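Undergrad:
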Amino acid sequence: MPPSLCQCGSLRSNHGSVATEDAFGAAIVSKWDSAQHTTEGPTDAYGEVEFVGAGRRPSKFIRLSDTSDPAAAYALVTHTWKIPRPNLVVSVVGGEGEVRVRAWLKDVLRKGLVKAAQSTGAWIMTGGLHAGVGRHVGEAVRDHTTASTNPSTHVVAMGIAPWGIVEQRRSLVNPKGLFPARYQRTAPKSPFCPLDANHSAFFLVDNGTEGRAGGEASFRARLERYIAQQKVGAGGCGSIEIPVLVMLISGDSSMFKRVSEAVHASIPCLLLAGTGGAADCLAELLEETQPGESLKTLAMKKMQGKFPDNELEQLAEEVERIGALRELVTVYSDQEGLEEFETILLKALVKACRRSSEATSYLDELRLAVAWNRVDIASTELFRGDILWDPRLLEDPMRDALLGDRPALVRLFVENGLDVGQFLTWKQLEFLYAGAPEASLLHQLLERRHGIVSESSSPPEYLLVERSLPDFHLPQVAHVLHELLGDVCGPFYAGLHPDGHKGTGVSQQTLDYATYLNELSPNPWTDLFIWAVLLNRREMAMYFWEMAPDAVAGALAAARMLRELSHLETEAEEEAAMKDLAMRFENLAIGVFGECYRNGEPRAYKLLVRRSHLWGGATVLQLAHEADARLFFAHDGVQSLLTQNWWGEMERNTSVWQLLLTFFCPPLIFTSFITFRSFVEVDPHSLMPFSPPPHCPSDTEPPSPPSPPSPLSIRQFWLRRWRQFWVAPVTAFLSNVVMYLLFLFLFSYVLLLDFDPPPPKGPSGTEIFLYVWVFTLVCEEVRQGCFVGPHPIRQRIRLYFQDTWNQLDITALLLFMIGLVCRLLPQSYESGRTILCLDFMVFTLRLIHIFAVNKQLGPKMIIVGRMMKDVFLFLFFLGVWLVAYGVTTEGLLLPHDRRLPWIFRRVFYRPYLQIFGQIPLDEIDAALIAASNCTYDPVAIVMENAQPCTNTYANWLVLILLVVFLLVANILLLNLLIAMFSYTFSKVQGNSDIYWKSQRYNLILEYHSRPALAPPFILISHLHLFFKRHIRKVQSAKGRHFLLELSEAQDGRLLTWESVQKENYLVTQARQKRDEDTERLRRTSQK
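Using full-length UniProt numbering, you'd call the opening residue of the sequence shown number 1 and step up by one each time.
So, in structure tokens, the structure goes:
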């Protein structure tokens, strides 16, 4: 060593006088030691470094001592530099210097290591210098960053380099920090090397040496051990210890000690065989020996000539120590195939745990498999049968799998002993909702509801909640579900949360908060199914639907929620996915119900009308109506039930003329003119009623033969026949149609022939009878809005006003009342007559609703409604041309006319008539204008002393505008309207049968709930119903036709039967798909 050069590698002139005095001279100090001969001070190099010409954002850097606390360094990275915590740390060691890197190794680094880091959220630790393997890792990171379009997939490459060999390190020095420091890479001089521009952060470790490598090794090893003790997990719950893996590429003799220290710190190592150096030597030794066999002798032989002879003894001892923990070492070479590198990493970590048969030893690797979504590794390596997993140990990985959308892993955990009923507490469910991605629509809805709730009240119990608990609570989820499902479903999660949220169902004692959090969900599969649907997770929702009870109702409820969510979603791709999944669930509901219908019609009918306690007391038909499931309503089983309820106990082939004749001649009911189904036939195989009659204790017990009729039985026969005819919805519909036609006839008669002057001369007796009739209509609308349905009165009124026809009824009745008041006052008599005339038109339009019962006319109603939307769009374009043409021609022809009514008439009304051919050429064409007594005086025109004269200046322009206007309006716009009408007609007409069957449900349900008598005789039915329901407390037998309340045991048996049919349907679908795939493969092979 030159006398001017210190043992630390720096020039002696660079040291201070204290360092170079005799006390530290060569006579006393035989060997320089960093711990004894250096002092520490505040760092003078930190901040951000910008690599000139690299074209990337600045990287973080700091200069620190080799004895620095790794905890402080880790906190600096995660808190100050805001780099996300890793799910894995891969420390790449070896491969220093300008060595030749083989092509397969470059592929491993680029396609394996960097890809694994991106997919798992890993950190890659290297030497950070632009040389050797560190340079190739940096280039792989650069290529990945260039190709990736997602900023969230940024790969973290962290360089830990020795300060003493960093080229241009003085440009990084500034005691106040540099933001950024401009770093220019120059031609390096050995042994110095520049930093690699593709790393995200740098730890520049200073041990006092200059120009010597290896000064960072101790700090890097301590940092790896510290990170291996930290925890990270989904949602920040800290359930996963961060795995650290040392990957050795080539390497010199110092790598033996590096690997030995790593495995003794329980850090697994991955050796890349075929890269040369220490990696190949260790790989050969481990492959040629068996566990428990000594490696020292063989190691001495293998290392002869490859490593310094004076170090062989020490290196052999390190190899012996490595062999003692060989289960922590995994060997990989290019001969093993193109297996995904993340699989290699995971297998290396799992292999490191095989020293123990305890399931807890594999827990971190299981959670890592969840983070990487590697169900193949989890099933083959972790659930291979020799590890006994405690179901409680699977709860945290299960939660991570749910939050990470890992349906295959969720299924694997359930198959291996996880009990969802014991797993899903209210706390877990709230945590799942709180873990919804911030970009998801569910998170936005809950956040909006959370803001409303927090503004309205802040209960004192929240002060005791730990910060780790989720912010979203189940009452907020219940509000979101109410917004999506509507009023047909009762409140979800009622009376659970201690802040006082209670539903309208059965009262429940409010639980204290601790008990509430640990309370198990009574319906875990349904709760998870709702959660998955709200997040639009297709595979997860499908799996939970398969496991949950009440399959048909659940599928239709999911279709309703998804379609409502699609209206709120702003992302087009997500909206399309929601609509597609909604259609998928509707098809599943059709398939399962079809299987039920084929295997038992009576039970299938009960399935449609039973109240589902899992879905807030709603029936399948109600959920299908809310979900707009037209295809479900078009199913033969649903239509069979609707037809059966429509005809009541009459035969379905009864003609309309028979009903009309019987309606006007009631004694025909007691004859054979109309055929009724027999009592024994109706009861066990239909829904009217579901419960067996007194003489038939069960459905399976055959009925006894009918006894000869007695005088009492004849009386019962007459009463039953009378009731069977008048209670049928088809009879109620027919009576309402007939009486409504008579009402319109009476209304028109009063308006045209018997509309007397105001009192005291009028109104006449006929008009008073009309008022009484309208009063009965009002009473019926009040009954429909306030007394029909099981919901509270506010929900009944809200549901009533949601129907378009009810809105039309209210409009007609309000207009009649206004017209009546105006008609009775002398000063507003004519206004009242005008209002009543308009009201007659509204009442007449109500007849369109009757068409819904007809298979041919019903779809035409929908066509007319769709065409009305087309008309409004067309009127917008037409209005633009009307205004443009009308104002222009008015200004050219009659510029002196100031009368506003005439101006508006000629601007709008005259161009509109011209479209249909009424063109007054004698007022437009100067050649045809006749001489008349006219004036140009605006005052005389306003006083109407004379007609305005037509201005003939630029009359040729008026004619050209007329031609252009007729060309656009008559040919272009009208044909556009016809084309729009044709498209709408063909679209609806092609699905006319489906549309008709869907809207038929509303009509049948409406007349099913109506009294037998129609207005004005309906008051009799109202009084009878009031006496029967409120005085005698008799429940309606008709109510069970569309709303059946089963006991808990009956409901359980029905759901069990439905589950069996669901399994049969899914097995059939899987078999069909397998047969289709087999046939497709057969055809492909033949080609």
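We treat Cβ as the ideally placed atom computed from N, Cα and C, and that holds for glycine.
Nothing here was measured: the structure is a model prediction, and the numbers come from that model.
Excluding the five sequence neighbours on either side, which residues of its own chain have a C-beta within less than 7 Å of the C-beta of LEU770, listed in chain order?
TA: Numbered from 1 along the sequence shown, position 770 holds the residue referred to as residue 770. Same-chain partners within the cutoff: LEU746, PHE747, VAL750.
Undergrad: Tell me the residue span of the beta strand (DSSP E) that contains TYR46.
TA: For the purposes of this step, residue 46 is identified with residue 46 of the sequence shown, where counting begins at 1. Unbroken beta strand (DSSP E) run through TYR46: 46–51.
Undergrad: Starting from the C-beta of TYR46, find all residues in its chain whose C-beta is less than 6 Å away, skip the five residues before and the five after it, and write them out in chain order.
TA: Looking up residue 46 in the sequence shown gives position 46. Hits under 6 Å: ILE62, GLY177.
Undergrad: Taking buried to mean at least 16 other C-beta atoms within 10 Å of its own C-beta, is MET255 buried or exposed?
TA: One-based indexing of the sequence shown puts residue 255 at position 255. Answer is buried; the Cβ neighbour count reaches 16.
Undergrad: Of all the alpha helix (DSSP H) runs that stay within the bounds of the segment 699–773, which reach a length of 4 or more residues?
TA: Qualifying alpha helix (DSSP H) stretches, in chain order: 711–727, 729–753.
Undergrad: With H, G and I counted as helix, E and B as strand and the rest as coil, what does DSSP make of GLY554?
TA: In the sequence shown, counting from the first residue as 1, residue 554 sits at position 554. In this structure, GLY554 counts as helix in the three-state DSSP scheme.
Undergrad: Where does HIS199 land, buried or exposed, given buried means 16+ other C-beta within 10 angstroms?
TA: What you label residue 199 is simply residue 199 of the sequence shown in a count that begins at 1. So HIS199 ends up on the buried side.
Undergrad: Out of curiosity, what's the CA-to-CA distance linking TYR543 and GLY600?
TA: For the purposes of this step, residue 543 is identified with residue 543 of the sequence shown, where counting begins at 1. For the purposes of this step, residue 600 is identified with residue 600 of the sequence shown, where counting begins at 1. Taking the straight line from one Cα to the other gives about 26 Å.
Undergrad: Got a sec? Which residues, its chain only, sit under 6 Å from ASP897 by beta carbon, not counting five neighbours each side?
TA: One-based indexing of the sequence shown puts residue 897 at position 897. ILE941, PRO948, listed in sequence order.
Undergrad: Who are the near neighbours of GLU320 in its chain, counting only those whose CB is closer than 8 Å to its CB and skipping five residues on each side?
TA: Sequence index remark: in the sequence shown, residue 320 carries index 320 (1-based). Only SER294, LEU295, LYS296, ALA299 meet the Cβ criterion.
Undergrad: Would you mind sorting GLU890 into buried or exposed? The rule is 16 or more other CB atoms within 10 Å of its CB.
TA: The residue given as residue 890 occupies position 890 in the sequence shown. Answer is buried; the Cβ neighbour count reaches 16.
Undergrad: Name the DSSP bridge partner or partners of PHE61?
TA: The sequence position of residue 61 within the sequence shown is 61, counting from 1. Answer is GLY47, PHE202.
Undergrad: Can you find at least 3 beta carbon pairs, one from the segment 262–280 and one from the segment 240–249, that sit closer than 8 Å?
TA: The segment 262–280 is in contact with the segment 240–249.
Undergrad: Near TYR885, what residues of its chain come up, given a Cβ to Cβ distance below 7 Å and the 5 sequence neighbours on each side ignored?
TA: In the sequence shown, residue 885 corresponds to position 885, counting from 1. Here the set comprises PRO911, LEU961, PHE965.
Undergrad: Suppose contacts are defined by Cβ-Cβ distances below 7 Å. Is LEU271 in contact with ALA262 by that definition?
TA: Translated into positions along the sequence shown, residue 271 becomes position 271. Translated into positions along the sequence shown, residue 262 becomes position 262. In this structure, ALA262 does not lie closer than 7 Å to LEU271 by Cβ.
Undergrad: So the candidates are THR844, HIS1024, LYS115; which of them puts its Cα closest to the Cα of ILE344?
TA: Translated into positions along the sequence shown, residue 344 becomes position 344. It is LYS115 whose Cα lies nearest to the Cα of ILE344.
Undergrad: In chain order, what are the residue ranges of uninterrupted alpha helix (DSSP H) at least 4 long that sit wholly in the segment 820–862?
TA: For the segment 820–862, whole alpha helix (DSSP H) runs of length 4 or above, ordered along the chain, are 829–845.
Undergrad: Regarding GLU830 and the ligand GDP, is the C-beta to nearest heavy atom distance less than 6 Å?
TA: The ligand GDP is not part of this structure, which contains no ligands at all.
Undergrad: Counting C-beta neighbours from all protein chains within 10 Å, is the total for TRP646 16 or more, i.e. buried, or is it exposed?
TA: As a working note, residue 646 is residue 646 in the sequence shown. TRP646 is buried by the Cβ-count criterion.
Undergrad: When the Cα atoms are used, what is the spatial distance from ASP754 to LEU777?
TA: For the purposes of this step, residue 754 is identified with residue 754 of the sequence shown, where counting begins at 1. For the purposes of this step, residue 777 is identified with residue 777 of the sequence shown, where counting begins at 1. When rounded, the distance between both Cα atoms is 21 Å.
Undergrad: Are the segment 904–918 and the segment 932–941 touching, with three or more C-beta to C-beta distances below 8 Å?
TA: Cβ pair count under 8 Å is below three, so no.
Undergrad: What residue from VAL968, PRO760, ILE590 has the CA that sits closest to GLN1061's CA?
TA: For the purposes of this step, residue 1061 is taken as the residue at position 1061 of the sequence shown. Looking at the Cα atoms, ILE590 is the closest of the given residues.
Undergrad: Considering only C-alpha positions, which residue in the set ALA1012, ASP870, LEU892 is nearest to PHE985?
TA: As a working note, residue 985 is residue 985 in the sequence shown. Of ALA1012, ASP870, LEU892, the residue nearest in Cα terms is ASP870.
Undergrad: Helix, strand or coil: which one does DSSP assign to PHE876?
TA: If you number the sequence shown from 1, residue 876 lands on position 876. Of the three classes helix, strand and coil, the one that applies to PHE876 here is helix, per DSSP.
Undergrad: Among GLN999, PRO901, ALA551, whose alpha-carbon lies nearest the alpha-carbon of TYR1065?
TA: Residue mapping note: residue 1065 aligns to position 1065 of the sequence shown, counting from 1. Measuring from the Cα of TYR1065, the nearest candidate turns out to be ALA551.
Undergrad: Output needed for CYS281: all residues of its chain with C-beta closer than 7 Å, excluding positions within five of it in sequence on either side, in chain order.
TA: Stepping through the sequence shown from its first residue, residue 281 is reached at position 281. Same-chain partners within the cutoff: LYS302, MET303, LYS306.
Undergrad: How close, in whole Å, do the beta carbons of ASP66 and GLY215 come, if the pair is a contact with beta carbons under 8 Å?
TA: In the sequence shown, residue 66 corresponds to position 66, counting from 1. In the sequence shown, residue 215 corresponds to position 215, counting from 1. Right, the Cβ-Cβ distance comes to about 6 Å (below 8 Å), so this counts as a contact.
Undergrad: List the whole-angstrom C-beta distance separating PRO524 from GLY637, where the pair is believed to meet the contact cut-off of C-beta under 8 Å.
TA: Position 524 of the sequence shown holds residue 524. Position 637 of the sequence shown holds residue 637. Contact flag wrong, Cβ pair sits at about 30 Å.
Undergrad: Only counting the same chain, and skipping five residues up and downstream in sequence, which positions put a Cβ closer than 7 Å to that of SER707?
TA: Position 707 of the sequence shown, counted from the start, is the residue given in the question as residue 707. Note that SER707 scores 46 on pLDDT, short of 50, meaning its location in the model is unreliable; the coordinates nonetheless yield the value given after this. Excluding residues within five positions, none has a Cβ falling inside 7 Å.
Undergrad: Can you name, in chain order, every residue of its own chain whose Cβ lies under 8 Å from the Cβ of LEU977, other than the five neighbours on each side?
TA: The count along the sequence shown starts at 1 and reaches residue 977 at position 977. The residues are ASP870, VAL871, PHE874.
Undergrad: Can you find at least 3 beta carbon pairs, one from the segment 623–642 and one from the segment 983–1001, that sit closer than 8 Å?
TA: As far as the Cβ criterion goes, the segment 623–642 touches the segment 983–1001, which means the pair count is three or higher.
Undergrad: So who's on the other strand from PRO948, going by DSSP bridges?
TA: Stepping through the sequence shown from its first residue, residue 948 is reached at position 948. Bridge partners of PRO948: THR935.
Undergrad: Please confirm if SER250 has its CB atom under 7 Å from at least one CB of chain C.
TA: Absent from the structure is chain C; it holds one protein chain and no more.
Undergrad: Which word fits THR570, buried or exposed, when buried means at least 16 other C-beta atoms lie within 10 angstroms of its C-beta?
TA: The residue labelled residue 570 in the question sits at position 570 within the sequence shown. That one is exposed.
Undergrad: Indicate the three-state DSSP secondary structure (helix, strand or coil) for ARG603 in the structure shown.
TA: To locate residue 603, count along the sequence shown from 1; it is residue 603. In this structure, ARG603 counts as helix in the three-state DSSP scheme.
Undergrad: My assumption, with CB atoms under 8 Å, is that LEU204 sits in contact with ALA161. Please give the rounded CB distance.
TA: Indexing the sequence shown from 1 puts residue 204 at position 204. Indexing the sequence shown from 1 puts residue 161 at position 161. At roughly 6 Å, the Cβ-Cβ gap stays under 8 Å, so LEU204 and ALA161 are in contact.
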